[in-house]
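Here's the structure we're looking at; comments come further down.
Residue numbers (my numbering): 132 to 324.
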């Protein structure tokens, strides 16, 4: 398995956009938290989150083929498969919790961050019901695929139980704990990314 440092270096080499690096880091944090709560391999889940969009900036038309090939060459078939399945319309089956967790973490993490960024307090006081209300507004964060969010949450609930609200609360909590690093500190405060 690649080390976290090797994965970060690859992400930085392939991803010039700070915005996409921050998204990758946020999904990594959400995946690590989920894995820890489920007794799964925290490093493996974290790497899936960190690398899922690693090739998108440099080769959007090939995404995710380059990162899948990179992982496959290193014998990381389960990571490669999870990344190849992080969008339902690619038609890749979801065979395990890693696959489902990545699908359920990608779009919604970006959406929760978008919700936080339009609030003066950012993640402070952000509640699942506010996120769900914003999901109904198709004009807000229009690039977030609502079907992918719904399907990811459905699969995750089917796999581990809980409710949409509980999963959203967990994601909000992870982002809140890392708000300075992710650029989600309240407006007017110093933010280190």
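All C-beta atoms, glycine included, are put in the ideal place defined by N, C-alpha and C. Computed from a predicted structure; not experimentally measured.
Could you check if residue 215 is buried or exposed, using at least 16 other CB atoms within 10 Å of its CB as the buried criterion?
To locate residue 215, count along the chain shown from 1; it is residue 84. Burial call: buried.
Write down the C-beta distance between residue 254 and residue 310 rounded to the nearest angstrom, noting that I regard them as a contact closer than 8 Å.
Taking the first residue of the chain shown as position 1, residue 254 is located at position 123. Taking the first residue of the chain shown as position 1, residue 310 is located at position 179. Indeed, because the Cβ distance is near 5 Å, the residues count as touching under 8 Å.
Are there three or more Cβ pairs, one per stretch, closer than 8 Å when the region 225-245 is compared with the region 262-281?
Flag = yes, the region 225-245 and the region 262-281 touch.
Any idea if residue 248 is buried or exposed, counting beta-carbon neighbours within 10 angstroms, 16 or more meaning buried?
Along the chain shown, one-based indexing puts residue 248 at 117. It is exposed - the Cβ of residue 248 has fewer than 16 other Cβ atoms within 10 Å.
Can we say the region 139-146 touches the region 182-201, given the rule of at least three CB pairs closer than 8 Å?
Enough Cβ pairs lie closer than 8 Å, so yes.
Where residue 274 and residue 236 are concerned, what is the direct C-alpha to C-alpha distance, given to the nearest angstrom?
On the chain shown, position 143 is the one that residue 274 refers to. On the chain shown, position 105 is the one that residue 236 refers to. Rounded to whole angstroms, residue 274 to residue 236 spans 16 Å at the Cα level.
In terms of residue numbering, what span does the alpha helix (DSSP H) encompassing residue 203 cover?
Counted from its first residue, the chain shown places residue 203 at position 72. Here the alpha helix (DSSP H) through residue 203 covers 196-204.
Out of 195, 283, 271 and 257, which one is the CA nearest neighbour of residue 231?
Start at 1 with the first residue of the chain shown, and residue 231 comes out as number 100. Among 195, 283, 271 and 257, the Cα nearest to that of residue 231 is on 283.
Would you kindly report the start and end of the unbroken alpha helix (DSSP H) that includes residue 258?
Indexing the chain shown from 1 puts residue 258 at position 127. Premise fails: residue 258 is in no alpha helix (DSSP H) and is neither H nor E.
Helix, strand or coil: how does DSSP classify residue 315 here?
Counted from its first residue, the chain shown places residue 315 at position 184. Of the three classes helix, strand and coil, the one that applies to residue 315 here is coil, per DSSP.
Work out the CA separation of residue 206 and residue 200 for me, nearest whole Å.
One-based indexing of the chain shown puts residue 200 at position 69. One-based indexing of the chain shown puts residue 206 at position 75. Near 10 Å, if we compare the C-alpha coordinates of residue 206 and residue 200.
CA-CA distance, residue 233 and residue 195?
Numbered from 1 along the chain shown, position 102 holds the residue referred to as residue 233. Numbered from 1 along the chain shown, position 64 holds the residue referred to as residue 195. Looking at the two C-alpha atoms, the distance is approximately 14 Å.
Taking the C-alpha atoms as reference points, what is the distance between residue 299 and residue 204?
Residue mapping note: residue 299 aligns to position 168 of the chain shown, counting from 1. Residue mapping note: residue 204 aligns to position 73 of the chain shown, counting from 1. C-alpha separation (whole angstroms): 35 Å.
Can you tell me whether DSSP reads residue 223 as helix, strand or coil?
Taking the chain shown and counting its residues from 1, one reaches residue 223 at position 92. Note: residue 223 maps to coil in three-state DSSP.
Buried or exposed: where does residue 164 fall if 16 or more other Cβ atoms within 10 Å of its Cβ makes it buried?
Residue mapping note: residue 164 aligns to position 33 of the chain shown, counting from 1. Burial call: buried.
Distance cutoff 8 Å, beta carbons only. Does residue 289 sit that close to anything in chain E?
Absent from the structure is chain E; it holds one protein chain and no more.
Looking at C-alpha atoms only, which residue of 304, 217 and 293 is the closest neighbour of residue 155?
Start at 1 with the first residue of the chain shown, and residue 155 comes out as number 24. It is 217 whose Cα lies nearest to the Cα of residue 155.
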